[in-house]
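Residue numbers (our numbering): 3 to 97. Below: one structure, written as structure tokens.
Quick look at the structure:
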């Protein structure tokens with residue numbers, strides 16, 4: 003009888019261990035969701051640009067605005083108080 007009791011106890015532990023491993027595996031995906039980081043497009047310009055804070059060159063009119071910035075931690079943090087977006091260009095000398 004002791005042999006059968008030991009055998010059934012080990013089989014219960016074996017089944018329990020399978021569920022434990024499955025739960026650890028599923029929790030790993032819950033902690034690290036599959037999110038794609040935002041990407042931005044920065045076009046090259048051939049126009050000579052002045053770094054004066056004014057967007058009066060023709061290349062700036064063609065440059066696309068980014069989406070509004072969000073916190074680097076994503077949805078775990080509240081949205082920023084101020085809406086912020088930028089235009090980006092680069093040339094052979096500057097970015």
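The C-beta atom is built at its ideal place from N, Cα and C for all residues, glycine as well. Everything numeric in this text was worked out from a predicted model, so none of it was measured.
Query raised in the report: Do you know offhand how far residue 74's Cα is from residue 38's?
Result: 12 Å
Query raised in the report: Roughly how many angstroms lie between the CA atoms of residue 86 and residue 70, to the nearest whole one?
Result: 5 Å
Query raised in the report: If residue 43 and residue 66 are in contact, beta carbons under 8 Å, what's the gap, nearest whole angstrom?
Result: 6 Å
**Report entry** For residue 88, the nearest candidate out of 94, 72, 95 (CA to CA)
**Finding:** 72
Query raised in the report: Whose C-beta lies closer than 7 Å to the C-beta of residue 45 among residues of the same chain, with five residues either side of it excluded?
Result: 65, 91
Requested in this report: Hey, could you find the ends of the alpha helix (DSSP H) residue 48 is sitting in?
Outcome: It is not in any alpha helix (DSSP H) - residue 48 carries neither H nor E in the DSSP assignment.
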